[in-house]
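Counted the way our numbering counts, the sequence shown spans residues 108 to 755.
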Amino acid sequence: MKQSAYKSLFLLFIGLWLSDLKSIAQTKPIGTEAIAELAVERGLKEIDLGIYGGTLFMHGLSELAVLQKDPKNLNRAIELFGKFKTKEIKGRGSFISYEAGGSGVAYLNYLKKSDKLKEQAEEYADKMFKKQKRTSEGLMTAPWLKDSLDQFMIDCAFAVTPYMLYAGLSMNRPEYLDLAVFETLEMFKILKDPNGLIHQGRGFQGLGKISEDNWSRGNGWGAFALAFLVRDLPDNHPRKKEVNDLAKNFFTAILKYQNQEGLWNQEMTEHTSFVETSGSGLMLFGLGICLEKGILDKTYLPQFIKGLSGYTSYITPDGSISNVTIGCLCPGKGTKKDYIKHALKLNDIHAFGPVVLAFTQAAKMGIKEITPAKSIGCYVTDFNKPMKPQAYVRYMPEANENICWENDRIAFRVYGPPVKHRVSSGIDIWTKSVDYPIISKWYNNNNMGKSYHENHGEGNDFYHVAYGRGLGGTAVWRNSKPFISQPYATHRILKNTEEEIAFELNFDSWDADGIKVSEKKVISLKMGTNFCKVVSTFTTNSKEPLTIALGISYTNKPEIISDAKKGTLTLWETFQLENGELGTTVRVNPADFKAFADYEKEKYVLVKAQSGRPITYYVGAGWSKAPQFKTKQDWLEYVNAEIPKMKF
108 MKQSAYKSLF LLFIGLWLSD LKSIAQTKPI GTEAIAELAV ERGLKEIDLG
158 IYGGTLFMHG LSELAVLQKD PKNLNRAIEL FGKFKTKEIK GRGSFISYEA
208 GGSGVAYLNY LKKSDKLKEQ AEEYADKMFK KQKRTSEGLM TAPWLKDSLD
258 QFMIDCAFAV TPYMLYAGLS MNRPEYLDLA VFETLEMFKI LKDPNGLIHQ
308 GRGFQGLGKI SEDNWSRGNG WGAFALAFLV RDLPDNHPRK KEVNDLAKNF
358 FTAILKYQNQ EGLWNQEMTE HTSFVETSGS GLMLFGLGIC LEKGILDKTY
408 LPQFIKGLSG YTSYITPDGS ISNVTIGCLC PGKGTKKDYI KHALKLNDIH
458 AFGPVVLAFT QAAKMGIKEI TPAKSIGCYV TDFNKPMKPQ AYVRYMPEAN
508 ENICWENDRI AFRVYGPPVK HRVSSGIDIW TKSVDYPIIS KWYNNNNMGK
558 SYHENHGEGN DFYHVAYGRG LGGTAVWRNS KPFISQPYAT HRILKNTEEE
608 IAFELNFDSW DADGIKVSEK KVISLKMGTN FCKVVSTFTT NSKEPLTIAL
658 GISYTNKPEI ISDAKKGTLT LWETFQLENG ELGTTVRVNP ADFKAFADYE
708 KEKYVLVKAQ SGRPITYYVG AGWSKAPQFK TKQDWLEYVN AEIPKMKF
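In structure tokens, the structure reads:
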């Protein structure tokens with residue numbers, strides 16, 4: 108398809124796609140080539156080019172150089188590949204092709220971009236063909252594996268297929284082409300999952316045993332290798348139809364697991380795992396090639412564009428790239444859980460090549476600009492830099508679509524729709540003893556194996572909610588029992604300044620003992636306080652008055668301090684000695700107060716309500732390890748001092 112045709116399709120489908128988004132930041136379009144350039148400049152500062160993450164990056168740089176009229180990047184790539192030849196850059200690792208600089212050198216030599224590349228591209232192709240270790244099927248594999256006749260990993264296709272493809276084309280060596288095709292097609296047969304995706308490896312948990320994952324970057328390696336065969340394997344090759352058929356089936360399967368941002372999660376079939384950008388970039392690159400070559404129908408173009416748009420949320424204006432899983436070879440027992448808990452990193456060696464490849468491919472297709480779904484780099488945080496105290500709310504699609512918010516004293520969380528099978532609509536507390544933001548840092552550290560359920564000097568999450576009300580979660584009270592909703596269905600952030608945040612949650616209707624009830628909840632938090640303000644509006648199909656229950660969860664035997672005249676219910680409890688003590692308080696408008704109640708292991712304040720009429724209340728918590736409070740009396744005195752400031 109010609110670039111002009113793609114540009115027209117781009118304009119058509121981007122409009123259709125944007126109209127389907129629930130919300131989109133008012134951001135300016137960014138040049139696709141400019142994003143690739145950002146990743147190139149940052150990657151050159153961050154990456155050891157001699158290892159396989161560097162060779163991936165170098166192939167991306169080569170693709171960008173071929174696209175551009177300005178010879179800057181082409182000259183840069185040729186110069187860097189020359190350093191592999193002189194050993195100034197020592198190419199090393201599992202495959203002989205890395206010694207030459209990887210598949211990029213073979214690609215540029217195939218295109219005759221420089222006479223300087225021919226000798227090294229062809230020398231290492233011959234060497235790899237003759238000397239690289241092979242499995243029992245004849246697949247090239249890593250020589251350091253304990254059982255290299257059986258052990259095989261998806262990464263092998265990345266190292267073998269494009270290098271041997273372009274070496275074979277430039278040298279007129281059909282046996283090299285056949286090997287390039289065999290390495291990928293046979294690999295797909297061995298590692299293919301019935302769902303159409305692929306697993307990472309064989310033989311790492313036992314002879315012949317296939318890992319259980321659908322790992323993002325593993326599928327990205329497969330996409331990378333397959334894409335070059337689609338694009339550049341000659342049409343008269345006897346296995347070209349087989350290649351194209353596999354590509355169509357594989358990329359169609361991949362698209363079924365694309366998340367709402369247009370990207371893919373660490374474990375692709377589990378959207379509660381974190382968004383993983385390196386695999387996403389490789390899959391977008393391959394998807395773009397399949398669209399360009401007509402392997403996939405043009406109706407899939409919006410999904411390609413959506414992925415590029417979502418990708419920008421993880422790329423900063425200085426080229427930093429987040430949410431990249433670190434080196435990962437069939438961890439643990441090779442289960443999905445083992446992959447989900449694997450650590451991610453900012454600016455990992457795998458980060459930059461996929462960005463260059465994906466956005467360069469978009470530019471080749473005539474997609475010159477992309478509109479970020481959110482602000483560029485909005486999910487990237489450098490936790491090594493000092494963070495100033497501020498209020499902050501964050502929607503976290505990479506963490507179950509939870510919504511977290513905090514100020515200089517306390518942090519809270521509500522759970523998102525993906526985990527409605529194991530939690531509900533309660534409000535969680537994260538205690539903190541520091542005044543700077545901790546939400547993003549703790550999530551990042553948790554993904555790196557440093558649990559936020561343990562106090563590492565800043566606080567922790569020890570307040571268990573699950574199906575409970577947590578602190579101030581709502582319920583409809585009927586016949587001496589609470590009827591609760593699932594987690595929120597939709598949300599909208601209303602304010603997110605350094606001094607104050609506010610957001611809206613909408614809950615789908617639920618059955619409350621025979622009546623249907625829905626809820627809209629607006630939560631706000633300012634700096635300098637331990638209390639959130641909550642305004643909830645319930646809508647019901649019944650004309651009778653409602654009783655709304657505001658609950659507080661507890662674990663052991665809390666001290667209970669209730670005051671109907673003030674409209675306050677306070678619990679003071681010791682959870683575990685290492686976690687200190689916690690005070691939790693709900694305060695309602697005394698004019699709406701109805702009664703206190705108990706149900707199972709929760710205490711409730713009951714308030715009078717009517718369908719469509721908002722009720723206002725406040726929820727707050729104080730921790731004995733925070734600088735403001737040490738004892739129950741400190742917390743009670745603080746609550747009393749705050750009451751006059753609460754407006755209903």
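Glycine included, every Cβ here is placed at the ideal spot set by N, Cα and C.
- Beta-carbon to beta-carbon, Ser323 and Met260 are separated by about 15 Å, too far to satisfy the 8 Å threshold.
- Membership of Pro281 in any beta strand (DSSP E) is not indicated; the residue belongs instead to the alpha helix (DSSP H) covering 281–298.
- Here Asp670 is bridged, per DSSP, to Thr675.
- With respect to the C-alpha of Gly690, the residue from Tyr661, Gly566, Val337, Ala728 having the closest C-alpha is Ala728.
- Scanning the segment 561–648 for uninterrupted beta strand (DSSP E) segments of 3 residues or longer gives 578–585, 588–590, 597–603, 607–619, 622–633, 638–647, listed from N- to C-terminal end.
- With respect to the C-alpha of Asn586, the residue from Ile622, Leu174, Ser592 having the closest C-alpha is Ile622.
- When the five nearest sequence neighbours on each side are left out, the beta carbons in the same chain lying within less than 6 Å of the beta carbon of Pro721 are those of Val642, Thr644, in order along the chain.
- When Cβ pairs closer than 8 Å are counted between the two stretches, the segment 279–288 is seen not to touch the segment 311–319, the count staying below three.
- Annotation for Tyr273: Ala213, Tyr214, Tyr217 place their beta carbon closer than 6 Å to its own, counting only its chain and skipping 5 residues before and after.
- Taking the C-beta atoms as reference points, Leu333 is found nearer than 7 Å to Thr291.
- For the pair of segments examined, the segment 223–230 was found not to touch the segment 339–355: the number of CB pairs separated by less than 8 Å stays below three.
- In the DSSP assignment, Thr654 falls within the beta strand (DSSP E) that extends over 653–660.
- Put simply, the backbone Cα of Gln468 is about 14 Å away from that of Lys413.
- In the DSSP assignment, Leu713 falls within the unbroken beta strand (DSSP E) covering 709–716.
- When secondary structure is reduced to three states using DSSP, Phe519 falls in the strand class.
- Short of 6 Å from the beta carbon of Lys633, and not among the five residues preceding or following it, lie these beta carbons of its own chain, in chain order: Glu607.
- Nearest Cα to Ile630 within the set Arg529, Trp730, Val521, Thr538: Val521.
- For Gly729, there is no enclosing alpha helix (DSSP H); the enclosing beta strand (DSSP E) covers residues 722–730.
- Trp512 and Ala498 have their C-alpha atoms spaced approximately 8 Å apart.
- When DSSP states are grouped into helix, strand and coil, Trp328 belongs to the helix group.
- In the DSSP secondary-structure assignment, Gly208 is not bridged to any residue.
- No Cβ-Cβ contact shorter than 7 Å links Tyr205 with Thr268.
- The shortest C-alpha to C-alpha distance from Ser385 to any of Lys471, Gln365, Glu377, Gly325 is the one to Gly325.
- CA-to-CA, the gap between His449 and Asn551 works out to about 12 Å.
- Relative to the Cα of Glu707, the nearest Cα in the group Thr738, Gly575, Ala470, Ile196 belongs to Gly575.
- No residue range can be given for Asn686, since it is assigned to no alpha helix (DSSP H) and is classified by DSSP as neither H nor E.
- Within 10 angstroms of the beta-carbon of Pro301 lie fewer than 16 other beta-carbons, which makes it exposed.
- According to the DSSP assignment, Phe703 belongs to no alpha helix (DSSP H) but to the beta strand (DSSP E) extending over 700–706.
- It is roughly 30 Å from the alpha-carbon of Phe610 to the alpha-carbon of Asp705.
- Within the same chain, Cβ atoms closer than 6 Å to the Cβ of Phe682 are found at Phe569, Thr662, the five residues on either side in sequence being excluded.
- Contact between Gly167 and Phe191 is absent: CB atoms are separated by about 16 Å, not below the 8 Å threshold.
- Between the segment 378–397 and the segment 460–475 there are three or more C-beta pairs closer than 8 Å, enough to call the two in contact.
- Counting other Cβ atoms within 10 Å of its Cβ, Gln367 stays below 16 and is therefore classed as exposed.
- Classified as buried, His378 has 16 or more neighbouring CB atoms from the shown chains inside 10 Å of its CB.
- Counting along the chain, no beta strand (DSSP E) covers Cys485, and no H or E run does either.
- For Tyr446, the enclosing alpha helix (DSSP H) covers residues 443–447.
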